[in-house]
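Read in order, the letters of the sequence shown are residues 107 to 624 in my numbering.
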Amino acid sequence: MNRLILITMLVLIVPSVLFAQIGWTEYTIDGDFNGAHSVFAIDLDSDGDIDVLGSANIADDICWWENDGNSPPNFTKHAISTVFDGAKSVFAIDLDDDGDIDVLGAADIADDITWWENDGNENFTEHTIADNFDGARSVYAIDIEPDGDVDVLGAAYTADDITWWENDGNENFTEHTINGNFDGAAAVFAIDLDDDDDDDVLGVASGTDDITWWENDGEENFTEHPIDTLFGAAWSVFAIDLDDDGDIDVLGTAAGAQDITWWENDGSENFTKHTIDTLFDGATAVFAIDLDSDGDIDVLGGAQTADDITWWESDLAISDAGPASIDIPSIVPEDTTLGPQAIVMNLGTVNATFDVTCEIDPGAYTSTETVTDLTPGDSIQVTFFPDFTFATGSYTVTVYTQLAGDENTANDTLEKVIETHDPGIADGGNSLIPTIFSFGLKNNPAKDRALFNLALPEAATISLQIYDVTGRQIDRITGQKSAGYYEVPWDSKVTAGVYFYKLESPWQTKNGKIVLVR
C-alpha cells in the first residue's frame, strides 16, 4: 500500500494526539481534499445525524461526507460536483422549500454563484444564480427581508463586493449590493448579531485583514461596524453562541496567520479575541455546530495548504451561576419570622463553588452562605441565617451570587418585594394561599404567650412540641389545617425561663428557642 494513502487512512480514523490546545480535541475527516477551502455541516440526508460538506478549489469539488452516527462519527465521502471551476465556498439549506436540503456554492474562476437542487434522495440538479460575480468567493443563504423565502448572499474577491440576491419565492433572484468597495471580499455570513429581530451581515476583507459586520435597520439598510482590522489575511467568518451565554459570538480563519479564532460577544457587540489553533496551515474555512451531540458547540475548519478538513471538540469551561428564585411568599402576615430561602443554579459548564448573599431592606439584614461544588445545570435551595422578622410594611429582598470568573454577571442578582398584611383572628386562616411553607416565632422574648406564624401551601397535619431545658416535653399542639396563613399561640401556664420548640410538617422540621417572661 502507498505510504501516503496509509497515512491518510490513519488520519481519518485516529484522533490527533499532536494538538495540545486546552479545551479542544482534534479529529481529521479527510486529509486529502485537494485545496480544501470551505466547510459546512447539516443533516443533509435527514437521518438524524450531522453530515459535513466541503469545497476544494484545486480539485474543483463540491463534496459531502455522510455521518454514520457513531461517537465519534465516521464519514463517507460523496461528490456533488467535480467540475465547479475554482470551488471556494459551500452552503446548504432548503432553498426551494420542498422539505429537503439543497446545496449552494461559489466558484471564483467561473465567477459563479450556484445552487444544486436536492430531489430528496441526495441526487442534485445544478442551477445558476449569477455567472458574472467576479471572483465569487463565498455564498450564504437566509430569509433576510424576511418574506418567507430564502435569499442568497455572496462575497466577490475580485469585485470587492458583498451582495445579496432577493428570492421572489420561485428561485428567481434580484441583486442588491451591501458594500461594493470591501477590499478582497472573501466571505459572507448573516445572523441576528445584535438581537433586534432582523438579520445582520458579516464579512471578511482579505485585502485589509478585516472582520466586519453590517447592522440591518430592519429595512435592509446596512451600517458597517469593524470587529477586527488586524486579522492577517482574513479568510472566512461564522457566527453562533459558542460559549452558551445568550449572545452571538463570531469565528474566523486567517490564512496568513494560520489561525482559527473566535471573538467573544459581551452582549453589546463588543468583542474579545480568543485563539483556538495558530498552526492550521492555510486556514480558509470555519464552521461550528454540536458535531458529537454532547451539548456544546464544536468547531470545524478547512486548511487549503494542509489539504485538511478538521474539527475541534469543545470543552469550553464556562463559569456562570445565579439565583433562580427567592422562596419567600410575596405576602406574609405581619411580624412573620422566617429563615429567608432562595434557589441558585449553576448555569455554566463546570462545577462551581460560590457565595450567595441575601439582603433585606429595610432591616439592614445581610447574610452570606457558600454553595460548594454545584454541578452544571443543577440547582440548590439555600437557607440564610439568622431568621428575619417581616414586621409591617413593604420589604425588598435581594439575592446575589459571587462566583470567581463568572462570564454572565447579568443574571447574578434577583429581587423580590414582600408585603405584610394583618394576620386577622388568632389561629384563623384567611383567603390568601401561600406559595411555600414557612414557620417562625413572632415574639421572642415572649411575654406570657408565644405566637408562631405558620404558612401552609396546602392542607397538612402539623405538630408543635415544647420542651424545657431538661428535654422534657411539656406541651404539644397538633392537628390538621387547611392551606393558608395562621398564628399559632402557646400560652401554657409555666414559669418564666428558656424553652425549646420543635415543629414537624410534611415540608420541614424546625427547631428553635423561646425565652418566656412573665
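We put the CB at the ideal spot given by N, CA and C, even for glycine.
Alpha carbon of residue i to alpha carbon of residue j, nearest angstrom
i	j	result
A162	S195	8 Å
A216	G408	21 Å
A556	D402	56 Å
I620	V604	6 Å
Q614	D372	42 Å
V294	N227	29 Å
N536	Y592	For N536, the predicted model reports a pLDDT of 46, less than 50, meaning its position is unreliable; a value from the coordinates is still stated below. Taking the straight line from one Cα to the other gives about 8 Å.
D349	L259	26 Å
A296	W222	21 Å
Y607	L547	10 Å
E610	N550	20 Å
A602	V594	19 Å
I135	K522	52 Å
Q364	T283	30 Å
W271	I207	19 Å
T442	A427	30 Å
F393	G358	9 Å
I432	L299	33 Å
F337	A247	25 Å
F496	A448	17 Å
V158	T329	33 Å
L560	T472	24 Å
V405	W417	6 Å
R243	A292	5 Å
P563	D174	52 Å
D518	N617	32 Å
Three-state class that DSSP yields for residue i in the structure shown
i	result
A516	helix
D208	strand
N224	strand
N273	strand
T576	coil
A193	strand
N322	strand
S312	coil
R555	coil
E564	coil
P446	coil
P595	strand
T584	strand
G160	strand
S374	coil
L299	coil
I219	strand
S152	coil
V258	strand
F606	strand
CB-CB length for residue i against residue j, believed under 8 Å
i	j	result
S477	F460	Position check: residue 477 holds Val in this sequence, whereas Ser was assumed. The Cβ separation is near 6 Å, so the contact holds.
I466	P446	7 Å
E419	D398	6 Å
S598	D581	5 Å
S187	D167	7 Å
D191	A213	5 Å
A261	G309	6 Å
T463	Y501	Incorrect: roughly 16 Å between the Cβ atoms, too far for contact.
F139	F197	Going by Cβ atoms, the distance from F139 to F197 rounds to 17 Å, so no, they are not a contact pair.
Host beta strand (DSSP E) of residue i (start-end)
i	result
R243	242-248
E370	365-371
D404	404-409
F386	That residue, F386, is in no beta strand (DSSP E); it is neither H nor E in DSSP.
K183	181-187
N617	615-623
E419	414-420
F491	Careful: F491 lies outside any beta strand (DSSP E) and carries neither H nor E.
Buried versus exposed call for residue i [16 or more other C-beta atoms within 10 Å across all chains shown]
i	result
P612	exposed
T182	exposed
P178	exposed
E132	buried
P429	buried
F386	buried
G577	exposed
V256	buried
S588	exposed
G511	exposed
P540	buried
D315	buried
T455	buried
A565	exposed
G534	A caution first: G534 carries a pLDDT of 41, below 50, which makes its placement in the model unreliable, though a value can still be read off. Exposed, because fewer than 16 other Cβ atoms sit within 10 Å of the Cβ of G534.
A532	Model confidence at A532 stands at a pLDDT of 35, short of 50, so the residue's coordinates are unreliable; what they give is reported in the following sentence. A532 is exposed by the Cβ-count criterion.
Beta carbon proximity, residue i to chain D, threshold 8 Å
i	result
G290	Here chain D cannot be found, since the structure has a single protein chain.
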